[in-house]
Amino acid sequence: MNLDMFYFIRIKILVYLVSYFLTYYISACSRVGTFSTQRKKNAFCCLNHSLKDNGVRNRFVSHQEKNLSRRFLLFILVSSGLSPTLSSSGKTKSKNPYDEKRLLEQNKRRQKENNAPEDFPNFIREGFEVKVVTSEDYIKSDSGLIYRDYEVGKGDCPKAGQQVTFHYIGYNESGRRIDSTYLQGSPARIRLGTNAVVPGFEEGIQDMRPGGKRRIIIPPELGPPVGPSTFFSSKQFEVFDIELLSIQNCQRRTIAFYSDVVCN
Numbered sequence: 000m001n002l003d004m005f006y007f008i009r010i011k012i013l014v015y016l017v018s019y020f021l022t023y024y025i026s027a028c029s030r031v032g033t034f035s036t037q038r039k040k041n042a043f044c045c046l047n048h049s050l051k052d053n054g055v056r057n058r059f060v061s062h063q064e065k066n067l068s069r070r071f072l073l074f075i076l077v078s079s080g081l082s083p084t085l086s087s088s089g090k091t092k093s094k095n096p097y098d099e100k101r102l103l104e105q106n107k108r109r110q111k112e113n114n115a116p117e118d119f120p121n122f123i124r125e126g127f128e129v130k131v132v133t134s135e136d137y138i139k140s141d142s143g144l145i146y147r148d149y150e151v152g153k154g155d156c157p158k159a160g161q162q163v164t165f166h167y168i169g170y171n172e173s174g175r176r177i178d179s180t181y182l183q184g185s186p187a188r189i190r191l192g193t194n195a196v197v198p199g200f201e202e203g204i205q206d207m208r209p210g211g212k213r214r215i216i217i218p219p220e221l222g223p224p225v226g227p228s229t230f231f232s233s234k235q236f237e238v239f240d241i242e243l244l245s246i247q248n249c250q251r252r253t254i255a256f257y258s259d260v261v262c263n
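In terms of numbering that gives the first Met the number 0, the sequence shown opens at residue 0 and continues consecutively.
(1) For Phe127, which residues of its own chain have a beta-carbon under 8 Å away from its beta-carbon, when the five flanking residues on both sides are left out?
(2) Is there contact here, the stretch 200-211 with the stretch 118-125, by at least three beta-carbon pairs under 8 Å?
(3) Using only the alpha-carbon positions, how far apart do Ile246 and Tyr181 sit?
(4) In the stretch 193-226, which residue ranges form an unbroken beta strand (DSSP E) of at least 3 residues, counting only runs that do not cross its ends?
(5) Could you spell out where the beta strand (DSSP E) holding Gln247 opens and where it closes?
(6) CA-CA distance, Cys249 and Pro120?
(7) Would you call the stretch 163-183 and the stretch 109-119 in contact, with 3 or more CB pairs under 8 Å?
(8) Return the Cβ separation of Val197 and Gly222 in integer angstroms, given the expectation that the two are a contact with Cβ distance under 8 Å.
(9) Quick check on Asn106: buried or exposed, where buried means 16 or more other Cβ atoms within 10 Å of its Cβ?
(10) What would DSSP say about Asp118, mapped onto helix, strand or coil?
(11) Where does Tyr167 sit, in a helix, a strand or coil, going by DSSP?
In structure tokens, the structure reads:
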């Protein structure tokens, strides 16, 4: 509910309560006046009857005053409950620096338990909000990809349609290794521009040179899809250490009814 609609509903309720309060107030006053007139008419009656009328009148007025007091209290409580605190309506939850420090130390401790490599980035996660803490050597691109070159390499960068051969090690936010071509015993090969890998990985490797070594930090929006049907169950940052080995040109060949792509 937006603020304008909130104030509109609040004003309607306040108007209704005020009119309700005034109606009962006027009704009570008229009844009190009726009793006052009746008492004047019965002034010549006996003293005993006069005292009885006064007692009834006093009880009725006391009852009306109690009802009016209750309604007025209800009016105050409802109106105060409908009135938002303007000083906090436009504020967001401020982050406590002590909580950030605690979460940072917790992430560092987990990375140490997982034997994360040196100069590994830290992640301060609070729900779905994540703050990445890195050294000044890291560069952040416009897309959100964060990377650091350890070795630049030599030669030309790969182009779309070419095949790249590379080694990599993948980590999660806690520094735990999730995959490695070094342990598999053979490098990986992909063709750029064919959506063979996640967008963040392809962006991170497309401006590398053969012999280059780079660490890339892929944000969730550039990472793999998540869900029950995938290996990834939650949106997290991923870290990859990449070593680009070589670049090959590719061409399509056709033999009879068979067609494929060959990369040299």
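We treat Cβ as the ideally placed atom computed from N, Cα and C, and that holds for glycine.
The structure says:
(1) So the qualifying residues of the chain are Lys234.
(2) Taking a cut-off of 8 Å on C-beta distances, the stretch 200-211 does not touch the stretch 118-125, as fewer than three cross pairs fall below it.
(3) Pairing Ile246 with Tyr181, the inter-Cα distance amounts to about 19 Å.
(4) Runs of the beta strand (DSSP E) inside the stretch 193-226: 212-217.
(5) Counting along the chain, the beta strand (DSSP E) containing Gln247 begins and ends at 237-247.
(6) Roughly 36 Å separates the two Cα atoms.
(7) The stretch 163-183 vs the stretch 109-119: in contact.
(8) The beta-carbon separation of Val197 and Gly222, rounded to 5 Å, stays under the 8 Å limit for a contact.
(9) Flag for Asn106 reads buried.
(10) Correct three-state label for Asp118: coil.
(11) Strand at Tyr167.
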